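K.L.:
Below you'll find the structure I mean.
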Amino acid sequence: GGLSTVCSAPNVDAPENGTYNGIFDYFGYVLLFFADVDWIGRKGVFIFSYFVTGVTLSVSSYFNYLNSQVGDDCHYNETYTLITRSFAFIGKTFAQLTWVVIMQYASEVYSSDIRSLGYSNGNFYGCLGAVIVPFIVDFGPTVSGSVFAVCSFVSAFIFVTLPETKNRRNFLRVEELIE
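Counting from 1 along the sequence shown, just add 8 to a position and that's the residue number in my numbering.
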């Protein structure tokens, strides 16, 4: 969605960008294999991934801004373009890692009696974000990358307050969570 647009570069066709985005999605899955979620914990993976995504998208947005100051729409600094795309793709890889881990985390954080409701609410808000993204992207790659970076940082800080689910038993009822 939005990260795919930020990763796009001028004068590059859509199939090539789609190929790059698919490759870096794959790297997100491979990274999960090496992250060893059971050793680090879901919370640690989330906080680290959101933070790295925020940093890389901030750098990408900054160099995209510098690139937009170089000249008109037909002339770009190739080094700035390379840096912009590289950091955006790294951010996309870590965002993909976060998306993969959220499935496991969401199934563990809720008790069994509200698990489907909690998971579906989270999925709904994720889809709502996908509806809003095209409007943010209309402001240009620099603004959209900055918005995604801020959202990543906010998510990392919010996630600090959530419980770790590693080595925690799954609860059957909400009342057990409160006790």
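Ideal placement from N, C-alpha and C gives every residue a C-beta, glycine not left out. For clarity, every value in this text was computed on a predicted model and none was experimentally measured.
Which of the three DSSP states, helix, strand or coil, is assigned to V158?
P.N.:
helix
K.L.:
Measure from the alpha carbon of G153 to the alpha carbon of each residue in V78, G99, W47 and F32, then state which is nearest.
P.N.:
G99
K.L.:
State buried or exposed for K171, treating a residue as buried only when at least 16 other CB atoms are found within 10 Å of its CB.
P.N.:
Sequence check: residue 171 is Pro here, not Lys. Classification of P171: exposed, given that the 10 Å Cβ count is below 16.
K.L.:
Using alpha carbons as the reference points, say which of N131, D146 and A96 lies closest to Y113.
P.N.:
N131
K.L.:
I want to know whether the stretch 159–169 touches the stretch 57–70 - three or more CB-CB distances under 8 Å.
P.N.:
Contact between the stretch 159–169 and the stretch 57–70 is present: three or more C-beta pairs spanning the two stretches fall below 8 Å.
K.L.:
Hey, N178 and S120 are a contact pair by Cβ (cut 8 Å); roughly how many whole angstroms apart?
P.N.:
7 Å
K.L.:
What residues in its chain sit with their C-beta under 7 Å from that of T173, if we drop five residues either side in the sequence?
P.N.:
R50, Y113, E116 and V117
K.L.:
Can you give the Cα-Cα distance for Y84 and L65, rounded to whole angstroms?
P.N.:
19 Å
K.L.:
My assumption, with CB atoms under 8 Å, is that S69 sits in contact with A157. Please give the rounded CB distance.
P.N.:
6 Å
K.L.:
Got a sec, what are the start and stop residues for the alpha helix (DSSP H) P142 sits in?
P.N.:
R123 to V145
K.L.:
Would the beta-carbon of V109 fall within 8 Å of that of Y37?
P.N.:
no
K.L.:
Using the Cβ count rule (16 or more neighbours within 10 Å means buried), how would you classify G62?
P.N.:
buried
K.L.:
To the nearest angstrom, how far is the alpha carbon of T89 from that of G30?
P.N.:
So the alpha carbons of these two residues sit roughly 19 Å apart.
K.L.:
Near F35, which residues of its chain fall below 7 Å by C-beta distance, leaving aside the five closest residues on each side in sequence?
P.N.:
T101
K.L.:
I'd like to know whether the C-beta atoms of T169 and Y73 end up nearer to each other than 8 Å.
P.N.:
no
K.L.:
Helix, strand or coil: how does DSSP classify G30 here?
P.N.:
helix
K.L.:
Please look up how many angstroms separate the CB atoms of V182 and I144, rounded, as I've assumed it's under 8 Å.
P.N.:
Between I144 and V182 the Cβ distance is about 35 Å, and since that is not below 8 Å, they are no contact.
K.L.:
Quick one: using the 10 Å Cβ neighbour count with 16 as the cut-off for buried, is R176 buried or exposed?
P.N.:
exposed
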